Each structure stands twice: as structure tokens, then as C-alpha cells.
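For reference, the structure discussed in these notes is given below.
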Amino acid sequence: MTLTPAEADKILADDFAPWVQALGLSTVETGARHAVLRLPWSEQLAREGGGLSGQALMAAADTACVVALSAARGGFAPMTTVQQSTSFQRAVSGRDVLVHAVVTKLGRRIAFLDITLTAEDAEEPAARATTVYALG
1 MTLTPAEADK
11 ILADDFAPWV
21 QALGLSTVET
31 GARHAVLRLP
41 WSEQLAREGG
51 GLSGQALMAA
61 ADTACVVALS
71 AARGGFAPMT
81 TVQQSTSFQR
91 AVSGRDVLVH
101 AVVTKLGRRI
111 AFLDITLTAE
121 DAEEPAARAT
131 TVYALG
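Numbering (the working numbering), first residue to last: 1 to 136.
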């Protein structure tokens, strides 16, 4: 059983620190092994020069992984980020970002995910990330 977007939004509201909630993430889509979250554009998340900060993008990617793993596992359970690697490819300014996290391997104790972060209505990604999670 996968999560609905409404159930995923409840995880965002109930299980994340206030500073993560302040990103304003919302769930666009969930599936058996993926989730798509929206990171809304905000001047507060921009760095000098007007581009969305890498820290905000990395936090959004990490958060999308928790939602994707929760969808794959049928609900939220404790998990810990073990590794995250992010490559930034282009700046995002003035547009929301869609964060697409895909579970590529789900074991009993460890999971691997690929994440693509793309400015809304753009064809090319702004960033790509990979993560490894320890599952509780």
C-alpha cells in the first residue's frame, strides 16, 4: 500500500523539524517507489545573486527521500540519512522546484535513492542527488 499525497503531507507536518517545515514543501505525487515534492520559490531561500540556495535544495532532496521511502514501505518509520551527494547544474531563480525522489534499491536495513530537482516548466534539471538511508 502506497501513501496518498495527503498522507505524505501529514508526514511532512508531523515528523519534520520546524526549519524543514519552513521550506513550505508539499507533495505533488506519490507512487510505489517514488515521490514528487514541490519546493516553492521564496526570497528567504535565495542566496546572494537571487538563486535558490544549495542548502535548501539539499534539504528538499533529503525530505523527498523520506516521503518516497515512506510510500515504498507503506508508512513512516524511523530512518537515517547515511550519505547524500548532490551535483548542482544550473541556478533556479523565481520558480518553484519539483523534487522527484526514486527508490532504486530497498532492502530490510538500507535503501538507495536517486533525486532529480527541476525548476517548474524546465526541461533540464537544476540538480541531481543520490542518497543512502539506514532503515529502522
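Yeah, the Cβ is synthetic: ideal placement off N, Cα and C, and Gly gets one too. Remember, predicted model here, so these are calculated numbers, not experimental data.
Item	Value
Check whether LEU117 and VAL102 have beta carbons under 8 Å apart	no
Whole-angstrom C-beta distance between ALA68 and ARG33, which should lie under 8 Å	7 Å
Limits of the beta strand (DSSP E) - the one that SER87 falls within	79-88
Beta-carbon separation (whole angstroms), VAL97 vs ALA64, contact threshold 8 Å	About 10 Å separates the two Cβ atoms, so there is no contact after all.
Simplified DSSP assignment, three categories, for ASP14	helix
For VAL99, the residue or residues it bridges with in DSSP	LEU37, LEU117
Exposure label - ASP121; buried when at least 16 CB within 10 Å	exposed
GLY31, DSSP secondary structure in three states	strand
The region 120-134 touching the region 79-94, judged by at least three CB pairs closer than 8 Å	yes
Close-in-space but distant-in-sequence residues of the same chain around ARG128 (CB under 6 Å, 5 per side omitted)	SER87, THR116
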